[in-house]
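Here the protein sequences line up with chains A and B, keeping their order.
Using the numbering used here, you'd call the opening residue of the first sequence number 1 and step up by one each time.
Using the numbering used here, you'd call the opening residue of the second sequence number 1 and step up by one each time.
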Amino acid sequence: MVIEQVSYAVVVKDLYKIYGKSSVALNGLTFSVNQGEIYALIGPNGSGKTTTLRIIATLIKPTRGIVEVYGVNVVKDPLKVRSFINYLPEEAGAYRDLSGEDFVKFMLSMRYKEPDLEKAVEEAISISGLGRDLKRPVRTYSKGMKRTLALSVVLASKPKLLILDEPTAGLDVEKALFVRELIKKYNREHGITVLLSSHNMLEVEYLAHRVGIIYRGKLIGEGSPREIKESLNAENLEEAFVKLKTRV
Amino acid sequence: MILSQLIKREIKAFLKNPGFIISMVILFAFYAAMGSIMRRSVEETQQIILQSNIGLVVEDDSLLTRELVKAINETLDGRLRTYSSLIEAVENTGIGVLIPHGFTANITSNSTTVYLASMIKIDSPSTTIIQAKSGILSQLGTLIEHILPYVVSRVYGYEVQREIAVYIRGSALFYGKQVDATLLMGFLTLITMLPLFVGILVGTNAGYAAQLVAYEKLEKAFEMLLAQPIKRSSIVIAKIIGASVATIIYSIVFLASMFTLAMGSLPTSIQSINSDGLNSLIEQLSNQLGVDVAFNFVVSIAITLVLGLIESGSLGIILGSLASDERTAGLLITPVMFLYIGLALVFTFIGFQVNVVTSIISGIIVLPLPVVYILSLISGETTYIAVSLLSTISTCIVFMAIAVFLFNRDIVVLGLRVRIRKEQ
Ligand SMILES: Nc1ncnc2c1ncn2[C@@H]1O[C@H](COP(=O)(O)OP(=O)(O)OP(=O)(O)O)[C@@H](O)[C@H]1O
Ligand SMILES: [Mg+2]
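#1: Ser109 of chain B: buried (16+ other C-beta within 10 angstroms of its C-beta) or exposed?
#2: Would you list, in chain order, the members of the region 219-248 of chain B that have their beta-carbon closer than 7 Å to a beta-carbon of chain A?
#3: Along the beta strand (DSSP E) that carries Glu118 of chain A, what are the first and last residues, could you check?
#4: Which class does Thr93 of chain B belong to by DSSP, given the choice of helix, strand or coil?
#5: Would the C-beta of Lys245 of chain A count as close to ligand 2, meaning under 7 Å from any of its heavy atoms?
#6: Thinking C-beta only, is Tyr16 of chain A closer than 8 Å to Thr63 of chain A?
#7: If you compare alpha carbons, which of B:Glu145, B:Gly203, B:Val90, B:Ile385 is closest to Ile310 of chain B?
#8: Could you tell me which residues DSSP puts in a beta bridge with Ser23 of chain A?
#9: Between which two residues does the alpha helix (DSSP H) harbouring Asn187 of chain A extend?
#10: Do the CB positions of Leu29 of chain A and Lys218 of chain A come within less than 8 Å of each other?
#11: Classify Gln139 of chain B as helix, strand or coil using the three-state DSSP reduction.
#12: Given this structure, state the Cα-to-Cα distance separating Asn106 of chain B from Thr93 of chain B, to the nearest angstrom.
#13: Asp410 of chain B CB to nearest chain A CB: under 8 Å?
#14: On the DSSP bridge assignment, give the partners of Lys13 of chain A in chain order.
#15: If you draw a straight line from the C-alpha of Lys245 of chain A to the C-alpha of Ser47 of chain A, how long is it?
#16: So that I know if they touch, is there some Cβ in chain A lying closer than 8 Å to that of Leu212 of chain B?
#17: With which residues is Pro137 of chain A paired in a DSSP beta bridge?
#18: For the candidate residues B:Ile2, B:Met24, B:Leu285, whose alpha-carbon lies nearest to that of Pro335 of chain B?
#19: So with CB distances below 8 Å, who are the chain A contacts of Leu414 of chain B?
#20: Return the chain-ordered list of same chain residues with a C-beta closer than 8 Å to the C-beta of Leu225 of chain B, the five sequence neighbours on each side being excluded.
#21: Quick one: grab the DSSP three-state call for Asp77 of chain B.
#22: For a quick check, are the C-beta atoms of Thr58 of chain A and Val24 of chain A less than 8 Å apart?
#23: Using the rule of at least 16 other Cβ atoms within 10 Å of the residue's Cβ for burial, across every protein chain shown, is Gly157 of chain B buried or exposed?
#24: Looking at the strands, I want to know which residues DSSP matches up with Ser32 of chain A.
#25: Measure the alpha-carbon distance for Val152 of chain B versus Arg162 of chain B and round it to whole angstroms.
#26: Can you name the residues of chain B whose CB is closer than 9 Å to the CB of Met107 of chain A?
#27: At the level of alpha carbons, what is the spacing between Ile460 of chain B and Gly380 of chain B?
#28: So which of B:Ser126, B:Ile144, B:Val398 has the shortest CA-CA distance to Val372 of chain B?
#29: Do you know how far the Cα of Ile249 of chain B is from the Cα of Leu149 of chain A?
#30: Can you check whether the C-beta of Asn200 of chain A is within less than 8 Å of a C-beta belonging to chain B?
#31: Which term fits Lys105 of chain A, buried or exposed, when burial requires 16 or more other beta carbons within 10 angstroms of its beta carbon?
#32: Just tell me which of A:Leu232, A:Gly212, A:Ile220 has its CA closest to the CA of Ile38 of chain A.
#33: For Met1 of chain A, which of helix, strand or coil comes out of DSSP?
#34: Taking 8 Å as the CB-CB limit, is Ile420 of chain B close to chain A?
#35: Taking 7 Å as the cut-off, is the CB of Thr50 of chain A close to at least one heavy atom of ligand 2?
#36: What are the partner residues of Ile214 of chain A, as DSSP defines its beta bridges?
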């Protein structure tokens with residue numbers, strides 16, 4: 001039992017999250033993420049994706065249920081969980097007064113000491129593709145620039161598990177393609193497990209090994225994009241998604 | 001039309017903000033309560049002092065002084081009591097007046113001024129009491145000036161042709177130490193200003209600390225930071241230190257500008273004399289009180305500032321982490337700043353005895369700490385310093401623990417939601 005659990009990067013069992021007294025965001029959610037895979041959570045607005053990712057990232061606590069990251073309980077030992085993960089929030093920004101480069105240095109210094117820090121910073125700088133803009137203060141960045149900056153930080157930190165809340169939201173087509181490539185590359189080359197949420201079905205089909213469909217705080221479907229399409233007799237994920245929703 | 005829509009939206013934003021409502025309620029309740037406490041205590045002190053007896057010592061026993069005392073006593077409805085020494089008089093009545101040797105001779109020898117000695121007992125840092133008691137003494141002086149010609153004519157049978165001014169040389173018995181009354185008044189004014197000064201800085205610091213949390217949330221880097229493998233307590237401590245450094249820089253500039261202002265307003269010729277004069281006054285005061293005033297001022301302010309910055313920093317972080325956005329944070333912090341400054345004002349006006357209870361309270365609210373420190377030194381009851389420091393340190397630890405606790409909760413990410421229940 002214990003050995004089996006450790007082979008999972010994330011185990012979520014019967015998870016409930018109730019905001020305040022009565023706002024039910026998660027309603028008995030159960031799913032798990034295998035080590036080394038890219039797992040995508042999809043679902044309509046307000047279905048509980050961000051809530052789930054925040055709980056796994058130790059930002060908020062579940063009302064009930066079990067969440068383990070590499071066998072470590074997120075409630076009992078959050079500090080240890082944080083050493084395995086990195087998290088790109090839904091609205092990732094950066095300190096406005098810092099330059100992009102200083103922000104990268106600051107965030108990575110929470111994890112690395114010299115000389116590894118320098119290497120990680122260089123890596124983040126190179127994948128950000130921001131070039132000379134990195135010397136400018138973050139307050140002068142566009143939304144997409146801020147997002148790529150934050151993304152390059154979490155990628156370059158090479159955690160065992162990377163949690164990305166809508167990583168390409170707000171990015172232009174080219175940037176989004178570039179970011180998808182990056183995620184795929186880091187997953188393949190560095191064995192980083194990725195758990196992401198997305199509204200972009202193209203992206204999910206392209207990236208995810210497995211998809212979990214969440215609706216009103218519950219998982220209503222799971223499998224590889226192909227499995228899901230076949231089982232619902234749908235042309236693409238979008239169609240499958242709509243079909244699934246009407247069934248519930 | 002457009003402008004009115006814009007204005008409507010701005011005002012609505014304020015009115016719908018729970019922080020705004022809460023801050024107003026707190027502010028009003030607090031100042032109303034404080035105002036009535038202050039007014040009552042000042043009135044009470046003045047009443048008590050106005051009705052209290054006056055101790056009299058007659059060194060110069062003569063027909064004139066006997067008649068004079070009788071006349072004064074009649075005017076004061078029999079509130080004069082005689083004692084054999086000024087200390088005894090002051091210990092018993094709080095206000096003592098002495099008619100010195102040579103008083104009668106002075107009157108009969110055509111001199112235009114006569115002197116009395118006096119002593120008042122002060123055992124509280126309030127300037128109200130010293131002012132009330134000094135007031136009674138000067139009333140007494142005026143009374144004697146008026147009565148004297150009648151008494152002289154009754155005793156000696158001639159009219160006094162000149163005006164005789166009565167001077168009362170004032171001294172004070174301050175926690176058992178004899179001090180010049182004017183010096184003491186200056187000292188007390190200064191000492192009661194300290195909580196206000198500390199209050200401004202500590203209040204500012206709470207605001208800075210709350211801002212640090214609120215702005216980090218606004219910049220959207222907060223959630224990423226919270227997911228890093230660092231202890232939440234490190235984040236809290238960093239913020240306390242960050243805010244404190246800002247406040248210290250601010251206070252240095254504040255002090256420097258106040259000093260420049262004060263110096264600039266004095267003519268150059270006086271400046272050097274003035275600082276020498278000040279030094280000698282401080283030296284006199286130190287000798288009379290038996291305490292190195294300047295040194296202990298600096299020490300007590302330094303200790304208070306360090307602890308005050310930790311406490312108010314933690315408080316600011318608590319408020320900042322409760323707030324869901326920087327607007328709410330700003331509104332929550334306003335009453336806290338006013339609270340600190342208000343508490344400081346209270347201590348400026350009402351006197352308090354240094355005892356275990358006031359030491360503990362002073363420790364919790366930090367601001368009167370320098371007053372407790374210096375008064376305990378003067379009265380020799382140094383255990384109160386330990387009590388108040390212990391109380392401050394405990395408060396700091398509690399506040400920091402709450403801040404760290406909140407940083408480990410959902411609330412730091414989600415913010416506090418005040419839901420006003422609607423009756424159905
Ligand atoms: N702080 C909060 N207080 C109360 N309810 C909340 C809070 N945050 C989220 N919710 C509710 O919880 C539910 C799930 O929200 P969540 O943000 O997890 O959805 P999501 O799937 O990420 O949506 P989106 O696709 O729009 O990002 C929603 O119904 C939302 O209204
Ligand atoms: Mg979301």
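Note that the Cβ used here is the ideal one computed from N, Cα and C, for glycine as well.
Because the structure is a prediction, the values reported are computed rather than measured.
Answer, in terms of the structure:
#1: exposed
#2: Glu219, Lys220, Ala221, Glu223, Met224, Leu226, Ala227, Gln228, Pro229, Ile230, Lys231
#3: First-last for Glu118 of chain A: 116-128, but that is the alpha helix (DSSP H), not the beta strand (DSSP E).
#4: helix
#5: no
#6: yes
#7: B:Gly203
#8: A:Tyr19
#9: 173-190
#10: yes
#11: helix
#12: 28 Å
#13: yes
#14: A:Ile66
#15: 12 Å
#16: no
#17: A:Ser99
#18: B:Met24
#19: Tyr19, Ile60
#20: Glu216, Ile235
#21: coil
#22: no
#23: exposed
#24: A:Val11
#25: 12 Å
#26: Ala221, Met224, Leu225, Gln228
#27: The shown model of chain B, from 1 to 424, leaves out residue 460 of chain B, and the question about it has no answer.
#28: B:Ser126
#29: 33 Å
#30: no
#31: buried
#32: A:Gly212
#33: Per-residue confidence for Met1 of chain A stands at a pLDDT of 45, beneath the threshold of 50, marking its modelled position as unreliable; the derived number appears in the next sentence. Note: Met1 of chain A maps to coil in three-state DSSP.
#34: Reliability of the predicted coordinates at Ile420 of chain B is poor, the pLDDT of 48 falling under 50, and the value obtained from them is presented with this limitation in mind. Chain A contact via Cβ: absent.
#35: yes
#36: A:Leu219
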